[in-house]
Structures are given as structure tokens and as C-alpha cells.
Amino acid sequence: MTLWIKANTGALGVQAWGSMNDELEALAARAAAGDQTAIPELLQAIRPQVQRRVAKFLPFREDAEEATQDTLLTVATKIHTFKGTGSFAGWLTVVATNCARQTYRSLKRRSVEQSAEVLPEAIDPRTTSVIAGSRLDLLEALESLESNHPQLVQPLVLRDLGALSYAEIAEELSVPLGTVKARIHQARKEVAELLTVR
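Residues in the sequence shown are numbered from 0 upward in steps of one, following numbering that gives the first Met the number 0.
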């Protein structure tokens, strides 16, 4: 089972999330090198793509906006950690996905903390997400995968959500191509089992 989510077009003529153009890559490199004037321009350029990415996971606009803001803040404060060994697209995919997952965890925690009287009857997110078109089921699967096999999460995110090639992922993670393929295969198998309604 492939968890492929189609990339969208966005700012600066970007053709797909996984293939950002040279202009945006250069802008990210300038920001990572400490050029403070490049950061606002970079954030403005990536905002539409980040919004679309996190909205794939979080169906409610307010939740997606929270994850978008967290992603942009992370990019602004952690851009110096982007070393340019892989693509900025790959780095940003991981940041945005992690922020969406963190927002989801926070929402789950908040809902548990509320009184049972206020909460509606529990709903199976796997069933609801199919109807609502959200990816809550995928977030749950990624959470479980990270708990049991953390080394499998990043390759899966980069391939199936970030649309990076196997070679780009191998370069991004500094691991052999065969290892990348094996990890993605294993991750897909694990996630497919988790997404199967029992």
C-alpha cells in the first residue's frame, strides 16, 4: 500500500513540494547561512505550501493554521540547522509533518483533559477520516510507527509525503540507497497494518 499524497503547486513557480526550484533553494541557503533579510522572504514563499501540507493531516482550518504557524516559527528559528547536504524541500517536509503531528498530539491531550460530560461520544478516527477526508488515521499510524520503529518514519515521510526520490532520500539521510528502500518498504508494511480496520 502506498500512502502517496500528491504535491501541490505553490509560490515562486514551484512545480511540486518535492522539487522546489533553485531560487527557493538559494533563498533557504542564504537564510541558513545567517542572512536575516532572507528569512521573511523565505517564510512568505513557503507559507502556501506549508498550509497545504499540514491541511492534509488536520482537517479543521484552525488546527491547520496552528501547525502552519508552528512550522514557520520552527523554520525561522532553526533554519541554521539546515546544512544544505540534502534539499530544503526534504528538510521542510520533515519540519511541517512533525509540526502537524505535534499539533495533533496536543489536540488529543487537550481532549482527554476535558470533562467527559462536555465531550461527544468517542468516534473512531479511521472511519471519520474517510468521511471527512482528513488524515487523522495516518497521524495515528505515524505516531505508532515512531514508537516502535523510529528509524522508519523519516524515510516514509520524505518519500510518500514529500515526493522525494529514493536517491534524494539517501542523500538527505546519509544512508545507502538499499537501506532507504528497505526502510520505506518496511514502513509502508507497518503503516498498512495499522490503517487496516480490525
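Glycine residues also receive a C-beta, built at the ideal position from the N, C-alpha and C atoms.
Cβ neighbour criterion (16 or more within 10 Å) applied to residue i
| i | result |
| --- | --- |
| residue 153 | buried |
| residue 77 | exposed |
| residue 22 | exposed |
| residue 173 | exposed |
| residue 177 | exposed |
| residue 92 | buried |
| residue 166 | exposed |
| residue 25 | exposed |
| residue 158 | buried |
Among the options, nearest to residue i - alpha-carbon criterion
| i | options | result |
| --- | --- | --- |
| residue 82 | 31, 46, 88 and 93 | 31 |
| residue 162 | 177, 43, 183 and 175 | 183 |
| residue 194 | 139, 147 and 145 | 139 |
| residue 54 | 165, 97 and 147 | 97 |
| residue 103 | 44, 164, 150 and 60 | 60 |
| residue 147 | 93, 68, 106 and 185 | 185 |
Own chain residues within Cβ distance below 7 Å of residue i, not counting five before or after
| i | result |
| --- | --- |
| residue 42 | 71, 74 and 75 |
| residue 122 | Reliability fails at residue 122, whose pLDDT of 48 lies under 50, so the model's placement of it is uncertain and no value is given. |
| residue 169 | 175, 176 and 179 |
Cβ pair residue i, residue j closer than 7 Å
| i | j | result |
| --- | --- | --- |
| residue 57 | residue 99 | yes |
| residue 144 | residue 189 | yes |
| residue 171 | residue 85 | yes |
| residue 29 | residue 37 | yes |
Sequence-distant residues of its chain with Cβ nearer than 6 Å to residue i (five each side left out)
| i | result |
| --- | --- |
| residue 7 | For residue 7, the predicted model reports a pLDDT of 34, less than 50, meaning its position is unreliable; a value from the coordinates is still stated below. Counting only Cβ-Cβ distances below 6 Å, and skipping sequence neighbours, we find 51. |
| residue 127 | For residue 127, the pLDDT reaches just 39, beneath the cut-off of 50, and the residue's location in the model is therefore unreliable, leaving the point undetermined. |
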